[in-house]
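First up is the structure itself, then whatever we jot down about it.
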Amino acid sequence: MSGHFASAGLLAIGLIAPTALAQDYRIERIASGLNQPTFITQAPGDPANILYYAERTESANAGFNTANQMGKIIRYDVNTRTKTTVLNLNARSVIQDTGLQNFAFSPDFNAVGTPGFGKMYVSSATNAANAINRVEEYTVSGNSASLTRTILQYNNSSTGKNHTVNWIGFNPAATGPARHYLHISTGDGNAGQTSRPSQNPTDIQGKMLRVDVSPGDSYGADANKNFLIPANNPIPSYNAANPGAPVAGLGEVYMTGLRNISRASFDRNNGDLYLGDVGENSVEELDFIKSGSTTASGLPIDLGWPKREGMNNGWTSPFQTTNTITGVASTNPIRQFGHTTGGNAIIGGYRYRGPVPSLQDKFFYGDFVPFKTFMLDFNRDTLPAAFNGANGTLTEMTALWESLVMDPSDPNYTLANAGALFGIDHISSFGEDNAGNLYIVDFGHNVPELSNFNNQYPGPGKGEIFRITLVPEPAMLGIVAAASMLVLRRRRA
Numbered sequence: 113m114s115g116h117f118a119s120a121g122l123l124a125i126g127l128i129a130p131t132a133l134a135q136d137y138r139i140e141r142i143a144s145g146l147n148q149p150t151f152i153t154q155a156p157g158d159p160a161n162i163l164y165y166a167e168r169t170e171s172a173n174a175g176f177n178t179a180n181q182m183g184k185i186i187r188y189d190v191n192t193r194t195k196t197t198v199l200n201l202n203a204r205s206v207i208q209d210t211g212l213q214n215f216a217f218s219p220d221f222n223a224v225g226t227p228g229f230g231k232m233y234v235s236s237a238t239n240a241a242n243a244i245n246r247v248e249e250y251t252v253s254g255n256s257a258s259l260t261r262t263i264l265q266y267n268n269s270s271t272g273k274n275h276t277v278n279w280i281g282f283n284p285a286a287t288g289p290a291r292h293y294l295h296i297s298t299g300d301g302n303a304g305q306t307s308r309p310s311q312n313p314t315d316i317q318g319k320m321l322r323v324d325v326s327p328g329d330s331y332g333a334d335a336n337k338n339f340l341i342p343a344n345n346p347i348p349s350y351n352a353a354n355p356g357a358p359v360a361g362l363g364e365v366y367m368t369g370l371r372n373i374s375r376a377s378f379d380r381n382n383g384d385l386y387l388g389d390v391g392e393n394s395v396e397e398l399d400f401i402k403s404g405s406t407t408a409s410g411l412p413i414d415l416g417w418p419k420r421e422g423m424n425n426g427w428t429s430p431f432q433t434t435n436t437i438t439g440v441a442s443t444n445p446i447r448q449f450g451h452t453t454g455g456n457a458i459i460g461g462y463r464y465r466g467p468v469p470s471l472q473d474k475f476f477y478g479d480f481v482p483f484k485t486f487m488l489d490f491n492r493d494t495l496p497a498a499f500n501g502a503n504g505t506l507t508e509m510t511a512l513w514e515s516l517v518m519d520p521s522d523p524n525y526t527l528a529n530a531g532a533l534f535g536i537d538h539i540s541s542f543g544e545d546n547a548g549n550l551y552i553v554d555f556g557h558n559v560p561e562l563s564n565f566n567n568q569y570p571g572p573g574k575g576e577i578f579r580i581t582l583v584p585e586p587a588m589l590g591i592v593a594a595a596s597m598l599v600l601r602r603r604r605a
C-alpha cells in the first residue's frame, strides 16, 4: 500500500510519467529455470494456487536438431513456487518438433465417481524413422500419473520430425455429452511434405479431430485408436443424411486443410474456437470458427491448406478456394501476416476472460521466432464471408508488456541485472486458469541469439512463465494522486 501511495505522490509532483501508471495490470514472472516449457493450465476444480505446466525436454540440450530426452508434466504451487513432477516421459527420444507438446484435463477431473475423475490427456511426439505421435490418457493420483489407455497413435507419413500431433483441448463451454469431446490438432507431417494430406479426409494428418473419450471404442480392432466417434461429427452426420452418396473419410475428422496448428483455444464464455496455423512459404494465419458453425453441406470445415496459405497461393497450383475432395468452400483467416513483416511461427492464444477490465474480450496471440505479442479486438459476429485476413483492430503489445514485467519474489529480476535474459522471449504458448487469468509461456533463448531457427531452442533452465495480474485501477491511482497533491500543498502552506 505504501508503494502505491508513494508512486501516486510522485505522479502528482511530476516525477513519474502518467502513462507509466496507466495500466491496470502487470506481467508477473511466476516460474523460472524451466526446460523448454510448452504449456500451462489448471485442472478443473483445483485450488487457485495449483497449476500444471509441461516441459518439452528433460535434458534441454540446445538446438533444433539436437537429440534430447522427452520432458515432464509438473504440478506447481504458485504461492510457494514448489514443483512436483507428476509425469516423466524421459524414456522417449526427442529431436526437432517432437517432444511433450500439450495436455488437457477431463472436465470431471475432480468429480469423484465419474469416468473422468483424475483423467489427464497428453499429446507427444517421439523421435523415430517416422515420428511417433501419441495422445494418451493418464490417471493422476497423488503425485504420480499412470497410463490408462492410448487414445490415438500414428506415425508421420514422411521421415521428417515436424508437424506432429500438437494442441489438444476440451470445449469449456460445452454441455451434455459434448463436454467429453477431445479436440486434437494433427500436423501435415513435415515442412515441404510432398504428399500434402491436409485436404484428404481419409488421412489423419493435417486435421482437427474430435473424439469422445467417454468409456467405449468405435475402433475395437485397432489398438492405435481407442475412442468413440461422436454421432454429430461432420462425416458420420453427412453420411447418415446421404446414405446413397456417402463421403469416404474418417469419422473423427472435424476440420480439414490444416498445416501445423501449434496452439488453439476455446473461448470459455461461448465455445468459439481460435486457431493459429503456422505457415510455410510466406504467411502466418489466425483462424476463427464461431461456436455452432457448419458448412452448407455439413461436411468438415476446411481451412484451405495446401491449396492456399491464408489468403495467398499455397503449396500447390493453381490457387483454389474449395477443398478438392469434399467440395467445401475454404474459410479465410481473420488475420494473416507475412514473413517479410516479421512473422515466422504464430502462437495462438486466448480471448481474455480474466479480472483485468482493460483487457476484457480482447484476443491475445504471439509469434515464436521474433517474440512478438499482439492484441486483437475482433467482433465474433463477423460473418465468415467477410473474413479477409485483416479483420478487427490489431495492436502490438510487445514493448508495453516488456515494460510491465516484474517478479514479486525476486527484486533483483530487472533489466539492469538480467540483461538479454530479462522479460518475455520466445512464446511457445499461452495458458488460462479457472478464473480466466492469462499466462505467457516463455520457451527461453540463448545468449547471444542468432537469427536462425536452430538457435532458438535453448539450453537447460532458461524457460519462464508469466501471468497477467490485476493491479489497482488507474482511476483509483488518480484519486490517490490527488490526495497526495493535497497533502503536499498542505505541508507547503
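If you're matching positions, the sequence shown starts at 113 in our numbering and goes up one per residue. Virtual Cβ for every residue (Gly too), placed ideally from N, Cα, C.
By DSSP's criteria, Asn202 is part of a beta bridge. Which residues make up the other side? By 1-based counting over the sequence shown, the position of residue 202 is 90. In DSSP, Asn202 forms no bridge with anything.
Using beta-carbon positions only, say whether Ile458 and Phe480 come within less than 9 Å of one another. Locating residue 458 in the sequence shown gives position 346, where the first residue counts as 1. Locating residue 480 in the sequence shown gives position 368, where the first residue counts as 1. Ile458 is a Cβ neighbour of Phe480, given a cutoff of 9 Å.
Which residues bound the alpha helix (DSSP H) around Thr348? Here residue 348 is taken as the residue at index 236 of the sequence shown, counted from 1. In the sequence under discussion, the amino acid at residue 348 is Pro, which differs from the Thr named in the question. Here the alpha helix (DSSP H) through Pro348 covers Pro346 to Ala353.
With a 10 Å radius around its C-beta and 16 neighbouring C-beta atoms as the bar for buried, classify Arg406 as buried or exposed. Looking up residue 406 in the sequence shown gives position 294. Sequence inspection shows Thr at residue 406; the Arg mentioned does not correspond to that position. Looking at its Cβ environment, which holds fewer than 16 other Cβ atoms inside 10 Å, Thr406 is exposed.
Counted within 10 angstroms of its Cβ, other Cβ atoms place Arg193 as buried (16 or more) or exposed: Along the sequence shown, one-based indexing puts residue 193 at 81. Exposed is the call here.
Hey, how far is the Cα of Lys184 from the Cα of Pro358? Taking the first residue of the sequence shown as 1, we reach residue 184 at position 72. Taking the first residue of the sequence shown as 1, we reach residue 358 at position 246. Roughly 43 Å separates the two Cα atoms.
Backbone CA spacing between Asp519 and Arg187 [nearest angstrom]: Residue 519 sits at position 407 when you count from the first residue of the sequence shown. Residue 187 sits at position 75 when you count from the first residue of the sequence shown. Approximately 20 Å between the Cα atoms of the pair.
Note down, in chain order, each residue of its chain lying with its Cβ closer than 6 Å to the Cβ of Arg141, except the 5 sequence neighbours on either side. Taking the sequence shown and counting its residues from 1, one reaches residue 141 at position 29. Here the set comprises Asp519, Glu576 and Phe578.
Spatial neighbours of Ala498 in its chain, beta-carbon cut-off 6 Å, leaving aside the 5 residues before and after: Taking the sequence shown and counting its residues from 1, one reaches residue 498 at position 386. There are no such residues.
Where the beta strand (DSSP E) containing Thr510 begins and where it ends: Within the sequence shown, residue 510 is the residue found at index 398, counting from 1. Taken as a continuous stretch (DSSP letters only), Thr510 belongs to no beta strand (DSSP E), being part of the alpha helix (DSSP H) at Thr510 to Ser515.
Whole runs of the beta strand (DSSP E) within the segment 262 to 336, excluding any shorter than 3 residues: If only uninterrupted beta strand (DSSP E) runs of at least 3 residues are considered, those enclosed by the segment 262 to 336 are 277 to 282, 293 to 298 and 319 to 324.
Touch test, the segment 499 to 518 against the segment 138 to 155, Cβ-Cβ under 8 Å, three pairs minimum: Enough Cβ pairs lie closer than 8 Å, so yes.
Where does Asp209 land, buried or exposed, given buried means 16+ other C-beta within 10 angstroms? Locating residue 209 in the sequence shown gives position 97, where the first residue counts as 1. With 16 or more Cβ atoms within 10 Å of its Cβ, Asp209 is classed as buried.
Take every Cβ of the segment 383 to 402, pair it with every Cβ of the segment 334 to 347, and state whether three or more of those distances are shorter than 8 Å. Touching, no, given that fewer than three Cβ pairs across the two stretches are closer than 8 Å.
Taking the alpha-carbon of Phe282 as reference, which of Pro227, Phe431 and Phe217 has the nearest alpha-carbon? If you number the sequence shown from 1, residue 282 lands on position 170. Nearest C-alpha to Phe282: Phe217.
Which residue wins for smallest C-alpha separation from Leu385, given the options Ser394, Thr368 and Gly404? Mapped onto the sequence shown, residue 385 falls at position 273. Here the closest residue by C-alpha is Gly404.
Ala216 lies in the beta strand (DSSP E); which residues open and close that run? Your numbering for residue 216 matches position 104 in the sequence shown. First-last of the beta strand (DSSP E) with Ala216: Gly211 to Phe217.
For Gly388, name the three-state secondary structure that DSSP assigns. Working through the sequence shown from its first residue, we reach residue 388 at position 276. Gly388: strand per DSSP, three-state reduction.
Beta-carbon proximity check, Ser374 vs Ser297, cutoff 9 Å: For the purposes of this step, residue 374 is identified with residue 262 of the sequence shown, where counting begins at 1. For the purposes of this step, residue 297 is identified with residue 185 of the sequence shown, where counting begins at 1. For Ser374 and Ser297, yes; Cβs fall inside 9 Å.
Could you compute how far the alpha carbon of Ala333 sits from the alpha carbon of Leu294? Working through the sequence shown from its first residue, we reach residue 333 at position 221. Working through the sequence shown from its first residue, we reach residue 294 at position 182. CA-to-CA, the gap between Ala333 and Leu294 works out to about 21 Å.
Going straight from the alpha carbon of Pro482 to that of Tyr331, what length do you get? On the sequence shown, position 370 is the one that residue 482 refers to. On the sequence shown, position 219 is the one that residue 331 refers to. Taking the Cα positions, Pro482 is about 43 Å away from Tyr331.
Whole-angstrom distance between Arg492 and Pro156, CA atom to CA atom: The residue given as residue 156 occupies position 44 in the sequence shown. The residue given as residue 492 occupies position 380 in the sequence shown. Distance between the alpha carbons of Pro156 and Arg492: 26 Å.
Decide if Gln472 is buried, meaning its Cβ has at least 16 other Cβ atoms within 10 Å, or exposed. The residue you call residue 472 lines up with position 360 of the sequence shown. Looking at its Cβ environment, which holds fewer than 16 other Cβ atoms inside 10 Å, Gln472 is exposed.
Helix, strand or coil: how does DSSP classify Pro584 here? Counting from 1 along the sequence shown, the entry for residue 584 is found at position 472. Coil at Pro584, not helix or strand.
Quick one: what does DSSP say Ala179 is sitting in, helix, strand or coil? In the sequence shown, the residue the question calls residue 179 occupies position 67. Note: Ala179 maps to coil in three-state DSSP.
Less than 9 Å between the C-beta atoms of Pro467 and Ala547, yes or no? Stepping through the sequence shown from its first residue, residue 467 is reached at position 355. Stepping through the sequence shown from its first residue, residue 547 is reached at position 435. Yes, the pair counts as a contact, with Cβ atoms nearer than the cut-off.
If you draw a straight line from the C-alpha of Thr314 to the C-alpha of Ala530, how long is it? As a working mapping, residue 314 is identified with position 202 in the sequence shown. As a working mapping, residue 530 is identified with position 418 in the sequence shown. Taking the straight line from one Cα to the other gives about 51 Å.
Quick check: what's the CA-CA separation for Gly299 versus Ile437? Here the question's residue 299 lines up with position 187 in the sequence shown. Here the question's residue 437 lines up with position 325 in the sequence shown. In this structure, the CA atom of Gly299 is about 19 Å from the CA atom of Ile437.
Beta-carbon spacing of Asn147, Ala172 below 9 Å: To locate residue 147, count along the sequence shown from 1; it is residue 35. To locate residue 172, count along the sequence shown from 1; it is residue 60. Ala172 is positioned such that its CB atom lies closer than 9 Å to that of Asn147.
Pick from Gly369, Asn214 and Asp220 that is closest to Met320, judged by C-alpha positions: Position 208 of the sequence shown, counted from the start, is the residue given in the question as residue 320. For the residues Gly369, Asn214 and Asp220, the minimum Cα distance to Met320 belongs to Gly369.
What does a CB cutoff of less than 6 Å around Val323 pick up in its chain, not counting 5 residues either side in sequence? In the sequence shown, residue 323 corresponds to position 211, counting from 1. Leu294, Phe339 and Glu364, listed in sequence order.
So Asn529 is in the alpha helix (DSSP H); what residue range does that whole segment cover? Start at 1 with the first residue of the sequence shown, and residue 529 comes out as number 417. Per DSSP, the continuous alpha helix (DSSP H) segment holding Asn529 begins and ends at Leu527 to Ala530.
To the nearest angstrom, how far is it from the Cα of Lys231 to the Cα of Asn214? In the sequence shown, the residue the question calls residue 231 occupies position 119. In the sequence shown, the residue the question calls residue 214 occupies position 102. Here the alpha carbons of Asn214 and Lys231 stand approximately 14 Å from one another.
Rounded to a whole number of angstroms, what is the C-alpha to C-alpha distance between Leu259 and Asn202? In the sequence shown, counting from the first residue as 1, residue 259 sits at position 147. In the sequence shown, counting from the first residue as 1, residue 202 sits at position 90. In a straight line, the C-alpha of Leu259 is about 15 Å away from that of Asn202.
According to DSSP, Ala441 sits in a beta bridge with which residue or residues? To locate residue 441, count along the sequence shown from 1; it is residue 329. Looking at the DSSP output, Ala441 sits in a beta bridge with Thr434.
Can you list, in chain order, the residues of its chain with a C-beta nearer than 6 Å to that of Thr510? Leave out the 5 residues immediately preceding and following it. Taking the sequence shown and counting its residues from 1, the one referred to as residue 510 is at position 398. Result list for Thr510: Lys484 and Thr485, in chain order.
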